[in-house]
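Residue numbers (my numbering), protein chains in the order written: chain A, 1 to 76; chain B, 77 to 150; chain C, 151 to 503.
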Amino acid sequence: MAPLIAQMKEIFELEQIAESDVLRDYDLWDSLSVISLLAFIDSEWGVTLDAEDITEVNTVGDLWKFIETHIANRTQ
Amino acid sequence: MSVSIPDLLKLIRPEANFECSDNFVEDDLLDSLDIILLVNEIESAFGVKIPGEQVIANNFSSVDAIEKLVNSLK
Amino acid sequence: MFLKFSNCSIRDVLLVLPVVEHSYLEDMGRFDAPLSRSKKLADVMGYDKRRIVSPDTCSSDLAVFGLQHLFDTKVILPHEIDALIVVTQTPDHFIPPTSFVIQGELKLKRDMICLDLVQGCAGFILGLIQAFMLLGQQSIDKVALVNVDVLSRKVSSRDRNSFPLVGDAASITIIEKGGNEKIWASIKVDGTGRDALIIPAGGMRLPSTIETSVVHDDGNSNHRALDHLVMDGSAVFNFVQTEIPLLISEIISQADLTDADVDAYVFHQPNRFMLEKLADKMKVPHSKMPMNVVERFGNNSGVTIPTVLATNLAESLIKKSGQYCLAGFGVGLTQASLLMRLGPLNSCNIIEF
Numbered sequence: 001m002a003p004l005i006a007q008m009k010e011i012f013e014l015e016q017i018a019e020s021d022v023l024r025d026y027d028l029w030d031s032l033s034v035i036s037l038l039a040f041i042d043s044e045w046g047v048t049l050d051a052e053d054i055t056e057v058n059t060v061g062d063l064w065k066f067i068e069t070h071i072a073n074r075t076q
Numbered sequence: 077m078s079v080s081i082p083d084l085l086k087l088i089r090p091e092a093n094f095e096c097s098d099n100f101v102e103d104d105l106l107d108s109l110d111i112i113l114l115v116n117e118i119e120s121a122f123g124v125k126i127p128g129e130q131v132i133a134n135n136f137s138s139v140d141a142i143e144k145l146v147n148s149l150k
Numbered sequence: 151m152f153l154k155f156s157n158c159s160i161r162d163v164l165l166v167l168p169v170v171e172h173s174y175l176e177d178m179g180r181f182d183a184p185l186s187r188s189k190k191l192a193d194v195m196g197y198d199k200r201r202i203v204s205p206d207t208c209s210s211d212l213a214v215f216g217l218q219h220l221f222d223t224k225v226i227l228p229h230e231i232d233a234l235i236v237v238t239q240t241p242d243h244f245i246p247p248t249s250f251v252i253q254g255e256l257k258l259k260r261d262m263i264c265l266d267l268v269q270g271c272a273g274f275i276l277g278l279i280q281a282f283m284l285l286g287q288q289s290i291d292k293v294a295l296v297n298v299d300v301l302s303r304k305v306s307s308r309d310r311n312s313f314p315l316v317g318d319a320a321s322i323t324i325i326e327k328g329g330n331e332k333i334w335a336s337i338k339v340d341g342t343g344r345d346a347l348i349i350p351a352g353g354m355r356l357p358s359t360i361e362t363s364v365v366h367d368d369g370n371s372n373h374r375a376l377d378h379l380v381m382d383g384s385a386v387f388n389f390v391q392t393e394i395p396l397l398i399s400e401i402i403s404q405a406d407l408t409d410a411d412v413d414a415y416v417f418h419q420p421n422r423f424m425l426e427k428l429a430d431k432m433k434v435p436h437s438k439m440p441m442n443v444v445e446r447f448g449n450n451s452g453v454t455i456p457t458v459l460a461t462n463l464a465e466s467l468i469k470k471s472g473q474y475c476l477a478g479f480g481v482g483l484t485q486a487s488l489l490m491r492l493g494p495l496n497s498c499n500i501i502e503f
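Pasting the structure below:
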């Protein structure tokens, strides 16, 4: 999860990112920062999520579990 | 999972007689939307990605042409 | 052709959507297509819902409604509009231009410029380029750009390939002087491909008659008349795949930028399949290229780009500035691109007609 936390600190311009943080509460949570986050997840883990997927996720920890599930489900 | 090209063709157009055709597109057995559906099935079945510029009638005119395309992407 | 602009910025975007919504699967139920095939097509191409006008609604109706809303909410005052550009393929009349219909209806000032541009898929970009050129004049401070089409009225209800995807809408964009950022634009044209998207009859080449209104089978079980829109999907698909990646890489390099500098690619939306393949070819992650307009509102021609702005990107556009690459491609055949910073906008809203 460390690379995700590091990238999120950059995108959302925060010193601390906790697993329990609610994504939508971030000041800089908007369509462009979501695009940036999804593009990072795609290039880092080859997992393609879209904006609709994100609406089902609440906290940073939930997002990481979501990514892990997608990596596990991949047949390639 | 082993699926053949003829299987996928039957999936897209169950009523069409592909065996009797030399050119599926010229014989109106596959139209442009059928080709797109076929691309989608091929990508799932064979784990390849067909680039946009290869989605042209020539590449889908016969089983041979389709196999050639798929093999070039593996 | 490359163009460069400065001292112009987009201030407001308003999207006007017809309230009537059709469903792709219900529309396809009118044709002989098996439900399973329609569902597959819906899934792969990205078809679901679209908005269309009632059969007697015209382009000026949508535009007047939208502009009146902007006046009522004090986003802009009527006398502030120095130029009105209307980009449409479905004018109210051959003559007078639809921009004059709107100017007259809203009693805008007389000391202004009104002009119509006939453009479609690349219409938002061509309209912006025209607006930027006008703003180079001392006497022009604010331009209202209207992109509008009611193409559902020109599509045969028995054309399986076109009827279930066409949407109607209007957008109004207010552009004004100001801003320090450079704007790059690129345009290429190819009239040899003009038959790929055409309404054959109704103009002077083939005036409308009883014969041109008769519906025929085009050989692929799509039934349409010469008065109706014809779209050669494969020709447009191949044109986009071969030309657009180069258009974009050229404009990005012209601006001395890289792909990493672009925050989002806001492209015309023919269908999701085409955009997925395009994004893959350009090695752009799908998240950076919003591609869900057709499944939510239909392919609304020159309004697809402002639809992306007003739906997918509104909150970012209101809050902050970002580097955007816009591209329109289609009727003509035209390909046009804009690389510019957008935001923070004064307003970015959606209303229903």
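Ideal placement from N, C-alpha and C gives every residue a C-beta, glycine not left out.
Using a Cβ-Cβ cut-off of 7 Å, state whether C:GLU556 counts as contacting chain A.
Residue 556 of chain C lies beyond the range of chain C shown here (151 to 503); nothing can be said about it.
Since C:VAL194 meets chain B, which of its residues come closer than 7 Å, beta carbon to beta carbon?
ILE112, LEU113, ASN116
Interface flag, B:GLY128 vs chain C, CB-CB below 7 Å:
yes
Would you mind working out which of C:MET354, C:ASP198, C:ASP261 sits nearest C:GLU176, comparing C-alpha positions?
The residue among C:MET354, C:ASP198, C:ASP261 with its C-alpha nearest the C-alpha of C:GLU176 is C:ASP198.
Using beta carbons (cut-off 7 Å, strictly below), is C:SER384 in contact with chain B?
yes
Sub-7 Å separation of C:ARG200 and C:GLY273 beta-carbons
no
Name, please, each residue of chain C whose Cβ falls closer than 7 Å to the Cβ of B:ASP107.
ASN370
Any beta carbon of chain A sitting closer than 7 Å to that of C:GLY343?
no
In terms of residues, what are the limits of the alpha helix (DSSP H) holding C:GLU502?
Per DSSP, C:GLU502 lies in no alpha helix (DSSP H) segment; the continuous beta strand (DSSP E) that holds it begins and ends at 497 to 502.
Closer than 7 Å, CB to CB, is C:GLN391 near chain B or not?
yes
Any C-beta of chain B within less than 9 Å: which residues of the region 177 to 207 of chain C qualify?
PRO184, ARG187, LYS190, LEU191, ASP193, VAL194, MET195
Alpha helix (DSSP H) segment containing C:TYR174, residue limits
174 to 178
Does any residue of chain A have a CB that is nearer than 7 Å to the CB of C:SER437?
C:SER437 counts as touching chain A.
So, does the CB of C:ASP318 fall closer than 7 Å to a CB anywhere in chain A?
no
What separation, rounded to the nearest whole angstrom, lies between the Cα atoms of C:SER210 and C:MET151?
Cα-Cα distance, rounded: 32 Å.
Which of the three DSSP states is assigned to C:MET262 in this structure?
It is coil, neither helix nor strand.
Helix, strand or coil at C:ARG201 according to DSSP, with G and I counted as helix
strand
Taking only three categories from DSSP, how would you classify C:SER249?
Here C:SER249 sits in helix by DSSP.
Please say whether C:LYS332 and C:ASP291 have beta carbons closer to each other than 7 Å?
Going by C-beta atoms, C:ASP291 is not nearer than 7 Å to C:LYS332.
Taking the alpha helix (DSSP H) that C:LEU428 falls in, what are its first and last residues?
Run containing C:LEU428: 422 to 431, per the alpha helix (DSSP H) assignment.
Please identify the residue among C:LYS438, C:ASP377, C:LEU492, C:ARG355 whose C-alpha is closest to the C-alpha of A:THR48.
C:LYS438
Along the beta strand (DSSP E) that carries C:GLY480, what are the first and last residues, could you check?
472 to 480
Mind listing the chain C neighbours of A:LEU38? Cutoff is C-beta to C-beta under 9 Å, in chain order.
Per Cβ cutoff of 9 Å: PRO435, HIS436, SER437, LYS438.
Can you pull the chain A residues whose beta carbon is under 8 Å from the beta carbon of C:LYS469, in chain order?
ASP30
Would a C-beta distance cut-off of 7 Å place C:VAL166 and C:THR240 closer than the cut-off?
no
Just checking my contact of C:LEU217 with C:ILE322 at CB under 8 Å: how many whole Å lie between their CB atoms?
Confirmed, Cβ separation roughly 6 Å.
Note down, one range per segment and in chain order, each beta strand (DSSP E) of at least 3 residues found wholly within the region 287 to 315 of chain C.
Listed in chain order, the beta strand (DSSP E) elements of length 3 or more contained wholly in the region 287 to 315 of chain C are 292 to 299.
When the Cα of C:ALA192 is compared with those of C:PRO314, C:PRO357, C:PHE282, which residue comes out closest?
Among C:PRO314, C:PRO357, C:PHE282, the Cα nearest to that of C:ALA192 belongs to C:PRO314.
Start and end of the alpha helix (DSSP H) containing B:ALA81?
Note on identity: in this sequence residue 81 of chain B is Ile, with Ala being the wrong assignment. 81 to 88 is the span of the alpha helix (DSSP H), which, as asked, contains B:ILE81.
To the nearest angstrom, how far is the alpha carbon of C:GLU445 from that of C:LYS427?
17 Å
How big is the Cα-Cα spacing for C:ARG303 and C:LEU347?
16 Å
How long is the line joining the alpha carbons of A:TRP45 and A:ILE67, rounded to whole angstroms?
Going by the C-alpha atoms only, they are around 8 Å apart.
For A:LEU14, three-class secondary structure by DSSP
Residue state, collapsed to three classes: coil.
With the cut-off set at 7 Å, would you say A:TRP64 and A:MET8 are in Cβ contact?
no
Are three or more beta carbon pairs between the region 461 to 477 of chain C and the region 391 to 401 of chain C nearer than 8 Å?
yes
Figure out for me which residue from B:LYS144, B:VAL139, B:PHE122 has the closest Cα to the Cα of B:SER78.
Of the candidates B:LYS144, B:VAL139, B:PHE122, B:PHE122 places its Cα closest to the Cα of B:SER78.
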